[in-house]
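Residue numbers (the working numbering): 629 to 1023. Remarks on the structure that follows.
Written out as structure tokens, the structure reads:
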């Protein structure tokens, strides 16, 4: 027994420091693990449960808060005065008189760690997640009156062109603008850009007055996305893809959306004009340089008669117009077509040819899927059925 105790003392004397260090590590490890878990939890804040919903619906929360604050401020006013204040507030939020192709909505965010991949830059899968927020932000800002009437915007497809990676933890912007539309679909261009250090852009959505994006650039970008030949690759790099303010363009995306009230599709031109967008004054023989809220376009008075309470309209009348009332109006009475005529209509048609090629390319991909499925599943079944038909019975 004494020899056994002696051996234990000798073992402890030799390995004592190691055992003490191990005990210390065991005491410290739970605390360090808790801090590590907390750190991982914090740096992945954008991926917490419901955070996506909060980011996407944040514009709705904001506009509802502004509206209820306005109601609270005017609660002691007469009904007429309150309706007038609400009408003025809606006008202030509407892009009255602006060219639909020059309006740009800017959504700011950052390439956080949870949105980045092991290469140290924004993951390709995160572009679509960010685009959900940017697209909804743009929709609320540009089409307030449409959403006020109970409308919503359905997404039919999204296409991406990746030009340059966005580094981790870098702040970037998604600049959204209208490209074109037809009787059902509206096409939206999204540009993921980073600004040079020392330059900051306006948080509000404003058109680039100094140099709007040229139509040839849109054509070059979209056509380049459909090409696969190596000899046409330089067309993408040499096309004028730079931003007017010197920002770096990283990714281009096209969204196909349509306006819906319930299951009824609303013509994009009607929704666009009802929110104040218009062709320039020169198209209507006006001497004004541009329309504004104080000098609105000619169609705005007719639109107000439908949707403005002080002008005899209501949200119900606007909704009825959207869901089918427009069909009962003659061509000469359709003020939304007149508002978007002239140069706006010319640009719409020219751009529609470009995005139509993009859509036809994706329709071709759907056709390939059908061919593949027919070859993969239907043809073998036909062979089996033919074989069974010609197999003699053994009974």
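From the three backbone atoms N, C-alpha and C, an ideal C-beta is built for every residue, glycine too. Since the structure is predicted, the reported quantities are computational estimates derived from the model, not experimental observations.
Taking DSSP as the reference, what is the three-state secondary structure of residue 674? On the chain shown, position 46 is the one that residue 674 refers to. DSSP places residue 674 in the helix class (H, G or I) of the three-state scheme.
Supposed close pair residue 788, residue 881 - CB separation, criterion 8 angstroms: Numbered from its first residue, the chain shown carries residue 788 at position 160. Numbered from its first residue, the chain shown carries residue 881 at position 253. Between residue 881 and residue 788 the Cβ distance is about 5 angstroms, and since that is below 8 angstroms, they are a contact.
Between the C-alpha atoms of residue 575 and residue 679, what's the straight-line distance to the nearest angstrom? Residue 575 is absent from the model: the chain starts at 629 and stops at 1023.
On the DSSP bridge list, what partners appear for residue 884? Locating residue 884 in the chain shown gives position 256, counting from the first residue. In the DSSP output, where bridge partners are listed per residue, residue 884 has 785, 815.
Is it buried or exposed for residue 601, if we count other Cβ within 10 angstroms and need 16 for buried? Outside the displayed range of the chain (629 to 1023) lies residue 601, so it cannot be described from this structure.
Taking residue 690 as the reference, which of 764, 986, 803 has the closest Cα? By one-based count along the chain shown, residue 690 stands at place 62. Among 764, 986, 803, the Cα nearest to that of residue 690 belongs to 764.
Start and end of the alpha helix (DSSP H) containing residue 694? Taking the first residue of the chain shown as position 1, residue 694 is located at position 66. Its alpha helix (DSSP H) spans residues 679–701.
Smallest Cα separation from residue 693: which of 800, 918, 717? Walking along the chain shown from the start, residue 693 turns up at place 65. Considering only alpha carbons, the answer is 717.
Is it buried or exposed for residue 976, if we count other Cβ within 10 angstroms and need 16 for buried? Within the chain shown, numbered from 1, the residue matching residue 976 stands at position 348. That one is buried.
Strand pairing of residue 738, partner residues [DSSP]: Taking the first residue of the chain shown as position 1, residue 738 is located at position 110. Beta-bridge pairing links residue 738 to 799.
If contacts are defined as beta-carbon pairs under 8 angstroms, then residue 901 and residue 964 qualify, I think. What distance do you get, rounded to the angstrom? To locate residue 901, count along the chain shown from 1; it is residue 273. To locate residue 964, count along the chain shown from 1; it is residue 336. Cβ-Cβ separation between residue 901 and residue 964: approximately 4 angstroms, consistent with a contact (criterion under 8 angstroms).
Measure the alpha-carbon distance for residue 957 versus residue 885 and round it to whole angstroms. Stepping through the chain shown from its first residue, residue 957 is reached at position 329. Stepping through the chain shown from its first residue, residue 885 is reached at position 257. Distance between the alpha carbons of residue 957 and residue 885: 25 angstroms.
Mind checking which residues open and close the beta strand (DSSP E) that includes residue 893? By one-based count along the chain shown, residue 893 stands at place 265. Element bounds for residue 893: 892–894.
Is DSSP giving residue 919 helix, strand or coil here? The residue given as residue 919 occupies position 291 in the chain shown. Residue state, collapsed to three classes: coil.
Give the list of continuous alpha helix (DSSP H) stretches no shorter than 4 residues that lie fully inside the segment 925–1000. 927–935, 943–951, 963–967
Nearest neighbour of residue 749, chosen from 724, 797, 666 [CA to CA]: By one-based count along the chain shown, residue 749 stands at place 121. Closest by alpha carbon: 797.
Let's test the definition: count the other Cβ atoms within 10 Å of the Cβ of residue 903 and tell me whether it reaches 16, buried, or not, exposed. Position 275 of the chain shown, counted from the start, is the residue given in the question as residue 903. Classification for residue 903: buried.
Endpoints, alpha helix (DSSP H) assigned at residue 761: Locating residue 761 in the chain shown gives position 133, counting from the first residue. Counting along the chain, the alpha helix (DSSP H) containing residue 761 begins and ends at 752–770.
Relative to the C-alpha of residue 780, which candidate in 704, 724, 685, 823 has its C-alpha closest? In the chain shown, residue 780 corresponds to position 152, counting from 1. Among 704, 724, 685, 823, the Cα nearest to that of residue 780 belongs to 685.
Which of helix, strand or coil DSSP assigns to residue 912: Counting from one through the chain shown, the residue named residue 912 turns up at place 284. Looking at residue 912 - three-state DSSP - the assignment turns out to be helix.
Give me the Cα-Cα distance between residue 841 and residue 972, rounded to the nearest whole angstrom. For the purposes of this step, residue 841 is identified with residue 213 of the chain shown, where counting begins at 1. For the purposes of this step, residue 972 is identified with residue 344 of the chain shown, where counting begins at 1. At residue 841 the pLDDT is 46, less than 50, meaning the model places this residue with poor confidence; the figure from the coordinates comes in the next sentence. Straight-line Cα distance between these residues: approximately 14 angstroms.
Is it a yes or a no for the segment 910–924 touching the segment 977–989, going by three-plus beta-carbon pairs under 8 angstroms? no
Just grab the DSSP bridge partners of residue 749 for me. As a first step, residue 749 must be located in the chain shown, where it is residue number 121. According to DSSP, residue 749 bridges with 795.
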